[in-house]
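In the UniProt record's numbering, the protein residues as written are 1 to 165.
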């Protein structure tokens, strides 16, 4: 696939829940979204940066959403759904996939910041369409199938002091 070059147009799609859970469970730290965006773009032309977040009515989430916007992320917010049996669910798999497919005609590279293996088929589709795919996530929580489907994988675990607060 296409090599990285300065005129390459990129879209960064960040699965905030996926990144958050690994950062918390493995490192007890938070993601540095400013560094994530900067290292993902790598001096290329940023076309769009979207952070997919879940609204869970926690005390600091509005400040978090505002901080993401200040960094340069557009935030897409989905409410946490609670079911009758007490289980909770909210994920952005379909929304992220639709956005990636929609953006494919406007970018050279789609960078998925997630370890969710459900996105491996999306990577394969985008590559088939001539779009470079990159995955930026933590190796310990990233699906091997997703890593193999992408053109490049950036392991955030190799540089925790860069990617974590």
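C-beta: ideal position from N, C-alpha, C; glycine also.
The three-state reading of DSSP puts residue 50 in strand, counting E and B together.
For residue 110, the uninterrupted beta strand (DSSP E) run begins and ends at 109-113, by DSSP.
Residue environment: residue 108 is assigned as buried (16 or more neighbouring CB atoms within 10 Å of its CB, all protein chains considered). When secondary structure is reduced to three states using DSSP, residue 127 falls in the helix class. Contact between the segment 92-106 and the segment 42-59 is present, with at least three C-beta pairs closer than 8 Å. In the DSSP assignment, residue 146 is bridged to no other residue. About 16 Å separates the CB atoms of residue 71 and residue 42; that is not less than 8 Å, and the two are not in contact.
Looking at 160, 136, 140 and 150, the one whose alpha-carbon comes closest to that of residue 16 is 136. About 6 Å separates the beta carbon of residue 46 from that of residue 10, a gap short enough to meet the 8 Å contact definition. Just so you know, the alpha carbons of residue 58 and residue 146 end up roughly 31 Å apart. Looking only at 63, 104, 159 and 84, the smallest Cα-Cα distance to residue 132 is reached by 104. Between the C-alpha atoms of residue 138 and residue 85 there is a straight-line separation of about 32 Å.
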